[in-house]
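Everything in the sequence shown is counted per this note's numbering, starting at 28 for the first residue and increasing by one.
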Amino acid sequence: MHIDIDWQNVDTVLLDMDGTLLDLAFDNYFWQKLVPETYAAQQGITPQEAQAYIGQQYHAVQHTLNWYCLDYWSERLGLDICAMTTAQGARAVLREDTVPFLDALKACGKRRILLTNAHPHNLAVKLEHTGLGSHLDLLLSTHTFSYPKEDQRLWQAVQQETGLDPERTLFVDDSEPILDAAAQFGIRYCLGITNPDSGIAEKQYQRHPGLNDYRRLIPALGAKETR
Numbered sequence: 028m029h030i031d032i033d034w035q036n037v038d039t040v041l042l043d044m045d046g047t048l049l050d051l052a053f054d055n056y057f058w059q060k061l062v063p064e065t066y067a068a069q070q071g072i073t074p075q076e077a078q079a080y081i082g083q084q085y086h087a088v089q090h091t092l093n094w095y096c097l098d099y100w101s102e103r104l105g106l107d108i109c110a111m112t113t114a115q116g117a118r119a120v121l122r123e124d125t126v127p128f129l130d131a132l133k134a135c136g137k138r139r140i141l142l143t144n145a146h147p148h149n150l151a152v153k154l155e156h157t158g159l160g161s162h163l164d165l166l167l168s169t170h171t172f173s174y175p176k177e178d179q180r181l182w183q184a185v186q187q188e189t190g191l192d193p194e195r196t197l198f199v200d201d202s203e204p205i206l207d208a209a210a211q212f213g214i215r216y217c218l219g220i221t222n223p224d225s226g227i228a229e230k231q232y233q234r235h236p237g238l239n240d241y242r243r244l245i246p247a248l249g250a251k252e253t254r
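Below is the structure:
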């Protein structure tokens, strides 16, 4: 699907964090490997048994705020997920195309807003290790609104909070259901990241254009703004 963004008609760029500005390898390692292994050791069961059990628990709350909530998982699994997140913080890394893109957006006067489902502790740890916050104008965790991005009530709350005009907004994420929710709300431009995890093959989107390198957007961004 062709990416066709009229940059002159974009004021606000909303950006997801994990897999969109940061490499998703951190989260995939943490939730798919470290948590099951730690749980297996604690419970005295095999890693396979832990994987199967935790997979069921993940699936049961997918697309709800609990899925992203470190407190929920700490209680559910009897693990100190916040402490584990802090200990693994150095694994959080920026995508190499993130800063050039965010800086280009700033140069063109676009408002850069982080909109993440990440828990505030998770967000704080990642900001500390990546310096991402200095390249953004506003940081929003959906936990402060009590709804995830999959929920239309979240989008209403974000619009009230930021005053954004959906018709003049670009939203970037690595989840098709979340892009669908944004489009349903009326966000004009919705773009999917095809390579959220640097260690995994690229993915495809069914209903939204996809991109694997923000630097491809920068020339158009500059050209449209010089007049």
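The beta carbon of each residue, even a glycine, is placed where N, CA and C say it ideally should be.
The three-state reading of DSSP puts residue 33 in coil, since its state is none of H, G, I, E or B. Beta-bridge annotation (DSSP): residue 88 is not paired with any residue. Between residue 141 and the set 180, 101, 127, 200, the nearest pair of CA atoms involves 200. Per the C-alpha coordinates, the member of 77, 225, 68 positioned closest to residue 59 is 77. Runs of the beta strand (DSSP E) lying entirely within the stretch 103-172 and spanning at least 3 residues, in chain order: 138-143, 165-168. Per DSSP, residue 207 is one residue of the alpha helix (DSSP H) stretching across 203-212.
By the beta-carbon neighbour count (other beta carbons within 10 angstroms, threshold 16), residue 98 is exposed. Under the three-state reduction of DSSP output, residue 237 falls in the strand class. Residue 73 is positioned such that its CB atom lies no closer than 8 Å to that of residue 241.
Annotated three-state conformation of residue 249 is helix, per DSSP.
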